[in-house]
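A.B. asks:
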Amino acid sequence: MTISSIAQHLPALLIAVPLLTAFLTPLIGGVNRTLRMLWVALGISATSAIGLALAWKVFTTGTVLYVFGAAAVGQVLPMDSGGIPIRIIFEVDAFSALMIVIASISAFAITMYSLVSESECSGQDGFYALLFLLVVGIMGMVATGDLFNFFVFLEISSLAGAALVAYRVDKGVAVEAGLKYALLSTLGALCVLIAIGLLFAQYNALNLATLASRLQFTTLDKIALALLIVPLAMKCGAVPMHFWTPDTYATAPSSITALLVVSSQASLYGLFRVLFSLYGHLVQFNYATFGWFVIILGVLSMFVGVTMAIPQKDVKRLMAYHAVSQTGYMLLGVGVGLAVLGNRSALNAYGLTAMAGGIFHIINHAMYKGLLFLTAGAIFYRTGTRNLNKLGGLGHTMPWTMVFFMIGALAIAGIPPFNGFASKLMIYESVFRFSPFLSIVAMVVSILTLASFVKVFHSIFMGPRREEFAAAREVPAAMIFGMALLAVVVMLFGLFPQTFIDGMITPAVTALVDRGAYISAILGGH
Amino acid sequence: MKMTKIVRSTADIFYPFCLIFGFYVVAHGHLTPGGGFQGGAVIATGAALLIVARAYEDISQRIRKNALKLCESIGLFMFLAAGLSGLFLGHPFFANWLAQAGSIFGQPVAWGPNPGDLNTAGLLPLMNIAVGIEVLGGLSIILLYMISGVKEKE
């Protein structure tokens, strides 16, 4: 295959390469360990490179379409189809591309990290096969332009995620968490499937753009909307549907937790896609109602998440509640944008900035939260405990981990010059013009986050050396590499936010708001 | 947990028929109801029949887990390879370039009512076979793992 044909088939390769890696891992792993490690490293490098190349293509040349199984890649509407896109189509616009960037960077750092962190565990063939399937699920969810295809990838990511959560049996605790995750995901996915059925029965289409162009907002459409947004909000961990996150995030291997954060953000992507591209701009769609629905979910998540995080003793459980809390910021920012979507002047004055802040926070969160979970994994790797009361004095022996933890903790608390500050400032400023109260809540939550992480930092790294951790050393180079990659991204986004906002975030916001462009990319000038 | 000789003999006699029917469903996936998944499930039923009739120790000698795992990987790989083959020939991913090409599974489909020609549909039968191999491996291995967890009563 030549370079130009690879460039043409990037969306297909984004799915095909990790699938190929996943399916062949058990065969290659049977030969020997080193070969498997090389194969996995090669697979994830190729996947990430394809993801970044595709995102680059989208940011430079506009929306990329890929029609599976057609006579030609760009043949969206076959001659004899009567104007309906009958095949599975990947529609990668700037918002999808942003999510693909997140998934590519995180998946690469996480896989490099797990090559060492999981090297002592048994059953690695299955572990890596499932890890790549999870990556396939995430990539597919954010790249697809087909509602049923979205459901398929949602299921792939849910099942692979559940199996990975239960990967370390841990006297049954992890299995319970995995089962819980599997059960809730299946329940949510069934709701999504019923919603897809309701839409398909009325409009004879599964393609998102076609559906969007035909929606009438009938009673059935309203039911379908509820059946779509509630499960997706649950999968992204919004309060009051957040109860699975602490168990799942705490018991999964740390590298998997970091990837589950990305997977929950793919659900967030689905939620925003449904609200903006599918239902947004309908005449009967009440922006204020749905905007406030998302805002209330966001504020509840922020506040409940952080207050639940403060009393936790388990470091990963604490971080899991912080993940819930940070998801609230994204919902708040984008919710404000949705609430003023019908009001052009308010949208231009602060709505778009709020959305940009919320969406910038998605990528920032994936980076620093991934980093924090990886440092928690590094601590567990050397000490064997996640209990904050038992840990202490690790700053003497694990300096790199300490530095990375500090970077992550300062970023999540929104301290300059790290990336959390950049997106949170955008959210504070724009939300203040919408409702000063919401902005104040957001700031208070940030202060509580900082307080919580100061406590965690103190109890893990400060204090005299402990005898029980005398043998603890710095983690191996591959784990440091994984963490360092994310830390560098955190710093870069914090130091040069404007570059990334202009290059990636603003196009993503434009793509999300401009429903007409999403539809006409498939159906032409309608 | 050994069944009587009657049950064991019946299971032994039925086992090959189960397999043949399963492979029939897989191979005729593009003509008749069923396909790779359904046929693979029927084949796994054959394994279930043996498991019900005999003790786990006997079965694990006769049906090996490693072979089934290999089936799983190879089936999945074949499916993906069928999809990827289009890419190397300049078609999109999963394009059915083999249909009506005149070679294997390449005959054009006849118009009007006809008994059905096995030699049609291009990549679809190949994908059915791949899925069949994957499912027979996957489902049988699930059954084997479940039965291996059952405690024998002394």
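Top line first, the protein sequences correspond to chains A and B.
Residue numbers for the first sequence follow the numbering used here, beginning at 56 and rising by one.
Residue numbers for the second sequence follow the numbering used here, beginning at 4 and rising by one.
Where a beta carbon is used, it is the ideal one built from N, C-alpha and C, also for glycine.
Computed from a prediction, not measured in an experiment: that's the story for all the values here.
(1) What alpha helix (DSSP H) runs, 4 residues minimum, are completely inside the stretch 143-214 of chain A?
(2) Cβ of residue 123 of chain A less than 8 Å from any chain B Cβ?
(3) Since residue 75 of chain A meets chain B, which of its residues come closer than 8 Å, beta carbon to beta carbon?
(4) Can you tell me which of A:496, A:424 and A:187 puts its alpha carbon nearest to the alpha carbon of residue 309 of chain A?
(5) Using a Cβ distance threshold of 8 Å, determine whether the stretch 347-361 of chain A contacts the stretch 312-322 of chain A, with at least three qualifying pairs required.
(6) What alpha helix (DSSP H) runs, 4 residues minimum, are completely inside the stretch 262-331 of chain A?
(7) Any contact between the stretch 314-326 of chain A and the stretch 440-456 of chain A? By contact I mean 3 or more CB pairs, one from each, below 8 Å.
(8) With a cut-off of 8 Å on the beta carbons, I'd call residue 97 of chain B and residue 86 of chain B a contact; round off their distance for me.
(9) Could you name the residues of chain A that residue 76 of chain B contacts, counting a contact when the two beta carbons are closer than 8 Å?
(10) Run the CB neighbour count on residue 564 of chain A, radius 10 Å, all protein chains shown included, and call it buried at 16 or more, exposed below.
(11) Name, going along the chain, the residues of the stretch 110-124 of chain B whose beta-carbon falls closer than 7 Å to a beta-carbon of chain A.
(12) Which residues, in order along the stretch 127-142 of chain A, keep a beta-carbon less than 8 Å from a beta-carbon of chain B?
(13) Rounded to whole angstroms, what's the CA-CA distance from residue 144 of chain B to residue 307 of chain A? Just pull it up for me.
(14) Is the CB of residue 104 of chain A under 8 Å away from at least one CB in chain B?
(15) Going along chain A in order, which residues have a C-beta closer than 7 Å to the C-beta of residue 166 of chain B?
(16) Can you name the start and end residues of the beta strand (DSSP E) that residue 121 of chain B belongs to?
(17) Name, in chain order, the residues that DSSP records as bridge partners for residue 442 of chain A.
(18) Among all the DSSP beta bridges, which residues are the ones paired with residue 121 of chain A?
(19) Measuring straight from C-alpha to C-alpha, what distance separates residue 251 of chain A and residue 268 of chain A?
(20) Does any residue of chain A have a CB that is nearer than 8 Å to the CB of residue 128 of chain B?
(21) Pull out every residue of the stretch 257-282 of chain A whose Cβ sits closer than 9 Å to any Cβ of chain B, in chain order.
(22) Enumerate in chain order the residues of its own chain whose CB-to-CB distance from residue 273 of chain A is below 8 Å, with the five nearest sequence positions on each side excluded.
(23) How long is the line joining the alpha carbons of residue 581 of chain A and residue 214 of chain A, rounded to whole angstroms?
(24) In whole angstroms, what separates the C-alpha of residue 326 of chain A from that of residue 247 of chain A?
(25) So if I threshold CB-CB distances at 9 Å, which residues from the stretch 405-429 of chain A count as touching chain B?
(26) Within the same chain, show all residues whose beta-carbon is closer than 8 Å to that of residue 402 of chain A, passing over the 5 residues directly before and after it, in chain order.
(27) Let's see if you can read the secondary structure: which residues bound the alpha helix (DSSP H) around residue 450 of chain A?
(28) Can you pull the chain B neighbours of residue 71 of chain A, defined as C-beta to C-beta under 9 Å?
(29) Is DSSP giving residue 91 of chain A helix, strand or coil here?
(30) Would DSSP call residue 144 of chain B helix, strand or coil?
(31) Assign residue 403 of chain A to one of three DSSP states: helix, strand, or coil.
(32) Using the Cα positions of residue 294 of chain A and residue 550 of chain A, report the straight-line distance between them to the nearest angstrom.
(33) Check whether the Cβ of residue 160 of chain B lies closer than 8 Å to any Cβ atom in chain A.
(34) Using a Cβ-Cβ cut-off of less than 8 Å, list which residues of the stretch 500-521 of chain A approach chain B; keep chain order.
(35) Have a look at residue 59 of chain A and residue 107 of chain A and give me their C-alpha separation to the nearest angstrom.
(36) Taking 8 Å as the threshold (beta carbon to beta carbon), is residue 67 of chain A in contact with chain B?
C.D. replies: According to the structure shown:
(1) 149-172 and 179-198
(2) Walking along the first sequence from the start, residue 123 of chain A turns up at place 68. Judged by the 8 Å Cβ criterion, residue 123 of chain A is in contact with chain B.
(3) Sequence index remark: in the first sequence, residue 75 of chain A carries index 20 (1-based). Ordered by position in chain B, the residues that pass the 8 Å Cβ test against residue 75 of chain A are 80, 83 and 87.
(4) Translated into positions along the first sequence, residue 309 of chain A becomes position 254. Looking at the Cα atoms, A:424 is the closest of the given residues.
(5) no
(6) 263-269, 274-290, 299-306 and 309-327
(7) no
(8) Residue 97 of chain B sits at position 94 when you count from the first residue of the second sequence. Residue 86 of chain B sits at position 83 when you count from the first residue of the second sequence. Yes, residue 97 of chain B and residue 86 of chain B are in contact; Cβ-Cβ is about 4 Å, under 8 Å.
(9) As a first step, residue 76 of chain B is located in the second sequence; it is residue number 73 there, counting from the start. Those are 78, 79, 81 and 82, listed as they occur along chain A.
(10) Within the first sequence, residue 564 of chain A is the residue found at index 509, counting from 1. So residue 564 of chain A counts as buried.
(11) none
(12) 127 and 128
(13) If you number the second sequence from 1, residue 144 of chain B lands on position 141. If you number the first sequence from 1, residue 307 of chain A lands on position 252. Those two C-alpha atoms are separated by around 25 Å.
(14) As a working note, residue 104 of chain A is residue 49 in the first sequence. For residue 104 of chain A, the answer is no, since every Cβ of chain B falls outside 8 Å of its Cβ.
(15) Outside the shown range of chain B (4 to 157) lies residue 166 of chain B, about which nothing can therefore be said.
(16) Taking the second sequence and counting its residues from 1, one reaches residue 121 of chain B at position 118. Careful: residue 121 of chain B lies outside any beta strand (DSSP E) and carries neither H nor E.
(17) As a working mapping, residue 442 of chain A is identified with position 387 in the first sequence. Bridge partners of residue 442 of chain A: A:369.
(18) By 1-based counting over the first sequence, the position of residue 121 of chain A is 66. Looking at the DSSP assignment, residue 121 of chain A forms a beta bridge with A:145.
(19) Stepping through the first sequence from its first residue, residue 251 of chain A is reached at position 196. Stepping through the first sequence from its first residue, residue 268 of chain A is reached at position 213. In a straight line, the C-alpha of residue 251 of chain A is about 15 Å away from that of residue 268 of chain A.
(20) For the purposes of this step, residue 128 of chain B is taken as residue 125 along the second sequence, with counting starting at 1. With 8 Å as the cut-off, residue 128 of chain B does not count as an interface residue toward chain A.
(21) none
(22) Taking the first residue of the first sequence as 1, we reach residue 273 of chain A at position 218. Answer for residue 273 of chain A: 257, listed in chain order.
(23) Taking the first sequence and counting its residues from 1, one reaches residue 581 of chain A at position 526. Taking the first sequence and counting its residues from 1, one reaches residue 214 of chain A at position 159. Confidence in residue 581 of chain A is poor, its pLDDT being 45 and thus under 50, which makes the residue's placement unreliable; the coordinate value appears in the next sentence. Taking the straight line from one Cα to the other gives about 38 Å.
(24) The sequence position of residue 326 of chain A within the first sequence is 271, counting from 1. The sequence position of residue 247 of chain A within the first sequence is 192, counting from 1. Taking the straight line from one Cα to the other gives about 11 Å.
(25) none
(26) Position 347 of the first sequence holds residue 402 of chain A. Hits under 8 Å: 392, 395, 396 and 568.
(27) As a first step, residue 450 of chain A is located in the first sequence; it is residue number 395 there, counting from the start. It is not in any alpha helix (DSSP H) - residue 450 of chain A carries neither H nor E in the DSSP assignment.
(28) Residue 71 of chain A sits at position 16 when you count from the first residue of the first sequence. By Cβ distance, chain B contributes 83, 86, 87, 90 and 96.
(29) Here residue 91 of chain A refers to the residue found at position 36 when the first sequence is read from its first residue. In this structure, residue 91 of chain A counts as helix in the three-state DSSP scheme.
(30) As a working mapping, residue 144 of chain B is identified with position 141 in the second sequence. DSSP places residue 144 of chain B in helix when its eight states are reduced to three.
(31) Mapped onto the first sequence, residue 403 of chain A falls at position 348. Reduced to three states, the DSSP call for residue 403 of chain A is helix.
(32) As a first step, residue 294 of chain A is located in the first sequence; it is residue number 239 there, counting from the start. As a first step, residue 550 of chain A is located in the first sequence; it is residue number 495 there, counting from the start. Cα to Cα, residue 294 of chain A sits roughly 32 Å from residue 550 of chain A.
(33) The question about residue 160 of chain B has no answer, for chain B in this structure spans 4 to 157.
(34) none
(35) Working through the first sequence from its first residue, we reach residue 59 of chain A at position 4. Working through the first sequence from its first residue, we reach residue 107 of chain A at position 52. One C-alpha to the other measures close to 16 Å.
(36) Residue mapping note: residue 67 of chain A aligns to position 12 of the first sequence, counting from 1. By this cut-off, residue 67 of chain A is an interface position.
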